[in-house]
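Colleague: Chains as they are written, first to last, in my numbering: chain A, 27 to 379; chain B, 27 to 379.
Heads up, the beta-carbon is just placed ideally off N, CA and C, and yes, glycines get one too.
Fair warning: this is a prediction, and the values are worked out from it, not measured in the lab.
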């Protein structure tokens, strides 16, 4: 009930603002409060400094396919930093070509989300990183095998010791996750045109884009999609006013209900963060909508209960495209060489020939 | 017959040198002729300059999974520049989790090979690049679909026009291959300890490693594994003296015979280039030997007809590990965003649940 309360408050705020017809400065002031700019750097996580040793190790781990049982799939396979931090397929392909249940969320700016996964079942990126490594339809590995893999390579041992100098046993599954999280804190995309606008550059957004931002606020989108990430902060029913079709909202996936076992959490999902949204089609947890305009239309109907005028949808889409930020420069890592002690790849079931 | 002749000549040369007991300078002179150092840069291919526009485009293409039908597999999946330019599995996993027939050769220094693939069926990297994109067990795409994919993205069109400014139609399958080749010319690994040694640094190799180099020459390894790439220059029967077991040399894969349909090419393969060999286990076209020491022993028996003393094998292995060069620094590319016109991913057969 609290969450629904927040949601309606959000819509209410939007409606109040709708009447205002704000100037560029007024719009900027509204927007800055609702959606602060993305910082260029995240220096701390949970109050702890993120060190360069952890980031370097995390970068290696993020790109290392040997975290998977098959030695074929890395974190980057589904959260490809070259294509918006996601894999841009409906739902991801994993171990033995199994198709996962939900669309891969972008890793870009994910550090700003209140929790991870579409249902928020991981409190933070540290916890998130442990999921896909073990999921049978994703990397299909086990913590013991991952640790054995990492301990088999002296260069990894050294990198863990550098990243976690005070740990009596540096190479652990927990530290693997911490290092991946540390790397992921660097995957932020500052200085989008939207950010330039709220930081004072009137010319960063054209008139249509500013109108889109205003409509985004006034029509109630910002009731769920707020914060510097334009979402990712709380959970809301998908189809609160009108349920979308089963293709978009498959009946079997009850969202956050599977985490909380609370009836009011049926078909509840974390509001998708919208930074770089133009890079991350297809949309929604089911990944069945490829067109951003269609996605905005679905949201208007399902969440706001309105048939939004096409001109407003176009303006919102134009505005959303200003949320594409500067993507981080990433050196592709040189990975430690496997040794005799490294567990061999296990492909699982191969297709019959 | 010519090829066999060359091979026996190679062995003969090795035997002649065996008696010499060369000093560091003599060893260097021998080695420099047989295995020149890897250059730090390749500026031309087939007499044409390689441009930065082509390299930048090629880097995007090399890492772009949308060259595959599924949008999951990129060139880098099987030729991972972070793990020795190969995938370090017996034989590669491709489209719909099909397992390919041969071990993925390293892309590092591949520009120095006389031809590409284990059977040399592609004359150069340009031709090679077209193979896996179309192979049903690899990327399972078609030239038309690849071109449609690339043409659907304005940023790719611009990158092709920059790379091929004189082409009336820049975005072609041929130019895709040329750009990938251009990028691959940058994947060279100069300045290995071996290279430092032949360039004058006596201390770059220790005594055991120098002895290994001498044994490598004297025992006849260099009869096939010559040139700056320590191989990759010509074709030789695998098991010329004694056929290895069917696990290592599967009966069904007749090697270069499938290219030339010439009886003497049965079980003939391109001599594997040995640069960075410590990074590219498992070994041989079948990828069934994980241990470099075992691989050297197999070669001695199969190709030289000798049970090489363990001390000599150890020395050769020590020497081979000095062939690991400096790997190129690679910025992971930011890839163009798909558009409505981009062909959608096609996963092919999914496993039954």
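Looking at residue 64 of chain B: is its Cβ nearer than 8 Å to the Cβ of residue 114 of chain B?
Modeller: No, Cβ-Cβ distance for residue 64 of chain B and residue 114 of chain B is not below 8 Å.
Colleague: Mind listing, in chain order, the continuous alpha helix (DSSP H) runs of no fewer than 4 residues lying wholly within the region 261–305 of chain B?
Modeller: Whole alpha helix (DSSP H) segments, 4+ residues: 283–286.
Colleague: Against chain B, does residue 131 of chain A count as a neighbour if the rule is that its beta carbon must be under 8 Å from one of theirs?
Modeller: Judged by the 8 Å Cβ criterion, residue 131 of chain A is not in contact with chain B.
Colleague: Is DSSP giving residue 81 of chain B helix, strand or coil here?
Modeller: Of the three classes helix, strand and coil, the one that applies to residue 81 of chain B here is helix, per DSSP.
Colleague: DSSP three-state call for residue 324 of chain A: helix, strand or coil?
Modeller: Residue 324 of chain A falls in the helix class under three-state DSSP.
Colleague: Since residue 302 of chain B and residue 138 of chain B are thought to touch, with beta carbons under 8 Å apart, how far apart are those beta carbons, to the nearest angstrom?
Modeller: That belief does not hold up - the Cβ atoms of residue 302 of chain B and residue 138 of chain B are roughly 12 Å apart, past 8 Å.
Colleague: Where does residue 225 of chain A sit, in a helix, a strand or coil, going by DSSP?
Modeller: Residue 225 of chain A: coil per DSSP, three-state reduction.
Colleague: Label residue 263 of chain B either buried or exposed according to how many other C-beta atoms from any shown protein chain fall within 10 Å of its C-beta, with 16 as the threshold for buried.
Modeller: Its Cβ being crowded by 16 or more others within 10 Å, residue 263 of chain B is buried.
Colleague: Who are the near neighbours of residue 205 of chain B in its chain, counting only those whose CB is closer than 7 Å to its CB and skipping five residues on each side?
Modeller: Closer than 7 Å at Cβ, skipping near neighbours: 80, 83, 84, 87, 189.
Colleague: When you check each C-beta in the region 321–351 of chain A against every C-beta of chain B, which residues fall closer than 7 Å?
Modeller: So nothing in the stretch comes that close.
Colleague: For a contact defined as C-beta to C-beta under 7 Å, what are the partners of residue 124 of chain A on chain B?
Modeller: Within 7 Å Cβ-Cβ: 377.
Colleague: Determine, using beta carbons only, whether residue 309 of chain B comes closer than 8 Å to chain A.
Modeller: Residue 309 of chain B does not count as touching chain A.
Colleague: When DSSP labels each residue in this structure, what does residue 335 of chain B get in the three-state scheme?
Modeller: The answer is coil: DSSP assigns residue 335 of chain B none of H, G, I, E or B.
Colleague: If contacts are defined as beta-carbon pairs under 8 Å, then residue 377 of chain A and residue 122 of chain B qualify, I think. What distance do you get, rounded to the angstrom?
Modeller: Correct: roughly 6 Å between the Cβ atoms.
Colleague: Rounded to whole angstroms, what is the Cα-Cα separation between residue 361 of chain B and residue 315 of chain A?
Modeller: One C-alpha to the other measures close to 21 Å.
Colleague: Whole-angstrom Cβ separation of residue 213 of chain B and residue 140 of chain B, contact assumed at under 8 Å?
Modeller: Between residue 140 of chain B and residue 213 of chain B the Cβ distance is about 17 Å, and since that is not below 8 Å, they are no contact.
Colleague: If contacts are defined as beta-carbon pairs under 8 Å, then residue 150 of chain A and residue 207 of chain A qualify, I think. What distance do you get, rounded to the angstrom?
Modeller: With 8 Å as the limit, residue 150 of chain A and residue 207 of chain A qualify as a contact, their Cβ atoms being about 7 Å apart.
Colleague: Might you give, ordered along the chain, the residues of its own chain that have their beta carbon closer than 8 Å to the beta carbon of residue 265 of chain A, omitting 5 neighbours on each side?
Modeller: So the list reads 275, 293, 328, 329, once near-sequence residues are dropped.
Colleague: Hey, how far is the Cα of residue 333 of chain B from the Cα of residue 325 of chain B?
Modeller: Near 10 Å, if we compare the C-alpha coordinates of residue 325 of chain B and residue 333 of chain B.
Colleague: Strictly below 7 Å CB to CB, what residues from chain B border residue 305 of chain A?
Modeller: Residues of chain B passing the Cβ test: 363.
Colleague: With 8 Å as the limit, tell me which residues of the region 200–227 of chain A have their beta carbon closer than that to any beta carbon of chain B; keep them in chain order.
Modeller: Of all residues in the region 200–227 of chain A, none has a Cβ within less than 8 Å of some Cβ in chain B.
Colleague: From what residue to what residue does the alpha helix (DSSP H) around residue 104 of chain B run?
Modeller: Unbroken alpha helix (DSSP H) run through residue 104 of chain B: 101–104.
Colleague: The alpha helix (DSSP H) with residue 215 of chain A in it runs from where to where?
Modeller: Neither: residue 215 of chain A is in no alpha helix (DSSP H) and is coded neither H nor E.
Colleague: Give a yes or no on whether the minimum CB-CB distance between residue 359 of chain B and chain A is below 8 Å.
Modeller: Answer yes: the Cβ-Cβ gap between residue 359 of chain B and chain A drops below 8 Å somewhere.
Colleague: At what residues does the alpha helix (DSSP H) containing residue 51 of chain A begin and finish?
Modeller: Its alpha helix (DSSP H) spans residues 50–60.
Colleague: Any beta carbon from chain A within less than 8 Å of residue 128 of chain B's own beta carbon?
Modeller: Closer than 8 Å: no.
Colleague: Determine the burial state of residue 225 of chain B: buried for a count of at least 16 other Cβ atoms within 10 Å of its Cβ, exposed for fewer.
Modeller: The residue in question, residue 225 of chain B, is exposed, as its Cβ has fewer than 16 Cβ neighbours within 10 Å.
Colleague: Just to check my reading of the structure: residue 154 of chain A and residue 142 of chain A have Cβ atoms closer than 8 Å, yes? What is that Cβ distance to the nearest angstrom?
Modeller: Residue 154 of chain A to residue 142 of chain A, Cβ: 4 Å. Contact.
Colleague: Could you tell me which chain B residues have their CB closer than 9 Å to the CB of residue 317 of chain A, listed as they occur along the chain?
Modeller: Simply 366.
Colleague: Grab me the residues of residue 184 of chain A's own chain with a C-beta within less than 8 Å of its C-beta, minus the 5 sequence neighbours each way, in chain order.
Modeller: Correct list: empty, nothing qualifies.
Colleague: By Cβ distance, which residues of its chain are closer than 7 Å to residue 251 of chain A, with the 5 residues on each side in sequence left out?
Modeller: Closer than 7 Å at Cβ, skipping near neighbours: 257, 297, 300.
Colleague: Tell me, to the nearest whole angstrom, how far the beta carbon of residue 218 of chain B is from that of residue 351 of chain B; I am working on the premise that it is less than 8 Å.
Modeller: Correct: roughly 4 Å between the Cβ atoms.
Colleague: Could you name the residues of chain A that residue 371 of chain B contacts, counting a contact when the two beta carbons are closer than 7 Å?
Modeller: Residues of chain A passing the Cβ test: 115.
Colleague: Name, going along the chain, the residues of the region 93–110 of chain A whose beta-carbon falls closer than 8 Å to a beta-carbon of chain B.
Modeller: Going along the region 93–110 of chain A in chain order, one finds 96, 97, 98, 103, 106, 107, 108, 109, 110 with a Cβ nearer than 8 Å to chain B.
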